[in-house]
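Beneath this line is the structure, given in structure tokens, with notes to follow.
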Amino acid sequence: MRAREPCSHDNCGNAAVTGASECADHLPRRYPQQLASLIAETHELLWSSFERVSLSGLSFAGLALYGVTFREARLEECDFSDSVLSYCFFDSATLRSCSFARIHVRSCSFGAAELIDTNFSEGNVIQTSFNGALLQSGGIEMCDLLHTRFLSARLNETRVEDCNLKACDFSRSTRTAVSFRYSNVEDATGLDTDPPTFTTRE
Amino acid sequence: MRVFGHVCVNEFSNSFVIAPDGPGEAIIVDPGTMDVDLLRIIEGNELRVRYVLITRAVPAHTDGLKTLLRVYDAEVLAPTEIEDISVSGCLDESCSMELSGFVTHVIHLPGTWIEGVFYQVGSALFAGDFLSAGRLGDVPQGYVRTRLRNSLLELLNNLSPDLYLFPGYGPPTTVETELKTNRELLEEPREPEPQPRLVDDREWEL
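Quick mapping for you: the protein sequence lines, in order, are chains A and B.
Take the first sequence: its position 188, counting from 1, is numbered 188 in the working numbering, and each next residue is one higher.
Take the second sequence: its position 177, counting from 1, is numbered 379 in the working numbering, and each next residue is one higher.
Set out below in structure tokens:
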């Protein structure tokens, strides 16, 4: 593994992001206004890289994103609504207050990412990895999560409601104040469910 | 280089198309099925399939081969022979070669029960049945599993953490994420337990 240096900013005790001299909190804000207008004019983003940058308030709404990398990026209040995401990598990224409404996510990776106050709703999140991720104060609602993995993930104050959890895997995940209301919990692996109760007639 | 993914619906295994940035020759990894979606990826991007790489010769990764070879004149490279298919090259040891302009590294993990190989093409690592996001390959518990884990750990630690990892099943991941979060991989590495000794026939004669 590549060794990580301490962040170059004064009095910052965090480790720098791989390949950068700053930690995630002090990453430079690249891709300014020109990027926003460029994205607004396009319909698809293919094999692009937004690695180790800080993006704020950017709209990816209504786009097809294929093979796009957001590894170790910091995304704040970014909008991915009405988009199609395939083979996109958000590994070790921080997503804060981002929106994924009416999306179709397939074969993407959110491994070791931090999703804070980030919401997925009314879409598909199929065969996607949230392994080792932190899901804090957000939710996944009315989504098909077929074959999606949450191995070793930490879910805190999160709603996973009205979702299809068939073939989902939550093994070794920790869950605090998580609501699975209206989701088919019994079809998922790694979720502790109450043992079935049987009644016998006298 | 572009990598297109395709999920085979019958076994939920993954196939991948490795393509140049424009039209040209392509490589297919593990064609578990040859269906309209895969054909659309190939033809829609004006690609010609020149090579087929098989990570492990099992039906989930080879069932689409016959149909694919009727359509395209491609060479098949695999770690072992495949029934009814002419294999151009049997990759029985680690090596490097250039296929359709892509430098391809064949990586063997001997002694791990899985008769397969990894392929590294550019920044993509095709892991086949050895490893999946957050999981080890499907091998029996005990000696075999410990040996697989130790071998994988050694391999991944020697690769770039930025490599994208495309497994035979399940979502994609990266080498760095697996080294951070794959608990099955990161359990305390230990010496493989000795294999059970086979009982000699004579020992039964009391």
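C-beta: ideal position from N, C-alpha, C; glycine also.
The structure displayed is predicted, hence computed values, not measured ones.
Identify whether Gly313/B lies in helix, strand or coil by the three-state DSSP scheme.
If you number the second sequence from 1, residue 313/B lands on position 111. Correct three-state label for Gly313/B: coil.
Which value, in whole angstroms, describes the spacing of the CA atoms of Ile309/B and Ser353/B?
In the second sequence, residue 309/B corresponds to position 107, counting from 1. In the second sequence, residue 353/B corresponds to position 151, counting from 1. Approximately 12 Å, taken between the alpha carbons.
Interface flag, His43/A vs chain B, CB-CB below 9 Å:
On the first sequence, position 43 is the one that residue 43/A refers to. Taking Cβ atoms only, chain B never reaches closer than 9 Å to His43/A, which makes this a no.
Mind listing the chain B neighbours of Leu151/A? Cutoff is C-beta to C-beta under 9 Å, in chain order.
Your numbering for residue 151/A matches position 151 in the first sequence. Here the neighbours are Ala335, Gly336, Arg337, Thr383, Asn384, Arg385, Glu386.
Could you compute how far the alpha carbon of Pro222/B sits from the alpha carbon of His43/A?
Translated into the one-based positions of the second sequence, residue 222/B becomes position 20. Translated into the one-based positions of the first sequence, residue 43/A becomes position 43. So the alpha carbons of these two residues sit roughly 22 Å apart.
Can you tell me the Cα-Cα spacing of Phe70/A and Asn156/A, whole angstroms?
Here residue 70/A corresponds to residue number 70 of the first sequence, with the count starting at 1. Here residue 156/A corresponds to residue number 156 of the first sequence, with the count starting at 1. Near 23 Å, if we compare the C-alpha coordinates of Asn156/A and Phe70/A.
Which chain B residues are close to Cys108/A, counting only those with a beta carbon under 9 Å from its beta carbon?
In the first sequence, residue 108/A corresponds to position 108, counting from 1. Result: Pro373, Pro374.
Buried or exposed for Cys297/B, please, with buried defined as at least 16 other CB atoms from any protein chain shown within 10 angstroms of its CB.
As a first step, residue 297/B must be located in the second sequence, where it is residue number 95. So Cys297/B counts as exposed.
Where do the N-terminal and C-terminal ends of the beta strand (DSSP E) with Tyr66/A fall, by residue?
Taking the first sequence and counting its residues from 1, one reaches residue 66/A at position 66. 64-66 is the span of the beta strand (DSSP E), which, as asked, contains Tyr66/A.
Which same chain residues end up closer than 6 Å to Cys108/A when comparing Cβ atoms and leaving out the 5 residues on each side of it in sequence?
In the first sequence, the residue the question calls residue 108/A occupies position 108. Taken in chain order, the residues that qualify are Leu85, Cys88, Thr128.
Asn216/B at chain A interface by Cβ criterion, 9 Å:
To locate residue 216/B, count along the second sequence from 1; it is residue 14. Closer than 9 Å: yes.
Check whether the Cβ atoms of Ser48/A and Cys78/A lie closer than 9 Å to each other.
Here residue 48/A is taken as the residue at index 48 of the first sequence, counted from 1. Here residue 78/A is taken as the residue at index 78 of the first sequence, counted from 1. Going by C-beta atoms, Ser48/A is not nearer than 9 Å to Cys78/A.
Contact set between the stretch 83-107 of chain A and chain B, restricted to residues whose Cβ is under 9 Å from the partner
Ser86, Tyr87, Phe89, Asp91, Ser92, Arg106, Ser107
Tell me where the beta strand (DSSP E) around Leu191/A begins and ends.
Residue numbering aside, residue 191/A sits at position 191 when the first sequence is read from its first letter. First-last for Leu191/A: undefined, no H or E at that position.
So is Lys382/B buried or exposed if we call it buried at 16+ other beta carbons inside 10 Å?
In the second sequence, the residue the question calls residue 382/B occupies position 180. Buried, since its Cβ has 16 or more Cβ neighbours within 10 Å.
To the nearest angstrom, report how far apart Phe304/B and Phe328/B are at their CA atoms.
To locate residue 304/B, count along the second sequence from 1; it is residue 102. To locate residue 328/B, count along the second sequence from 1; it is residue 126. If I take the Cα positions, the gap works out to 14 Å.
To the nearest angstrom, how far is it from the Cα of Phe198/A to the Cα of Asp364/B?
One-based indexing of the first sequence puts residue 198/A at position 198. One-based indexing of the second sequence puts residue 364/B at position 162. Residue placement at Phe198/A cannot be trusted, given a pLDDT of 49 that sits under 50; what the coordinates show is reported in the next sentence. The straight-line gap from Cα to Cα measures roughly 52 Å.
How is His147/A classed by DSSP in three states: helix, strand or coil?
If you number the first sequence from 1, residue 147/A lands on position 147. Coil, per DSSP.
Excluding the five sequence neighbours on either side, which residues of its own chain have a C-beta within less than 6 Å of the C-beta of Pro373/B, listed in chain order?
As a first step, residue 373/B must be located in the second sequence, where it is residue number 171. Correct list, in chain order: Ala335.
Distance check for Ile220/B and Tyr182/A, CA to CA, integer angstroms please.
Numbered from 1 along the first sequence, position 182 holds the residue referred to as residue 182/A. Numbered from 1 along the second sequence, position 18 holds the residue referred to as residue 220/B. The alpha-carbon atoms of Tyr182/A and Ile220/B are separated by roughly 41 Å.
If you follow the alpha helix (DSSP H) that Glu380/B is part of, which residue opens it and which one closes it?
Working through the second sequence from its first residue, we reach residue 380/B at position 178. Here the alpha helix (DSSP H) through Glu380/B covers 377-383.
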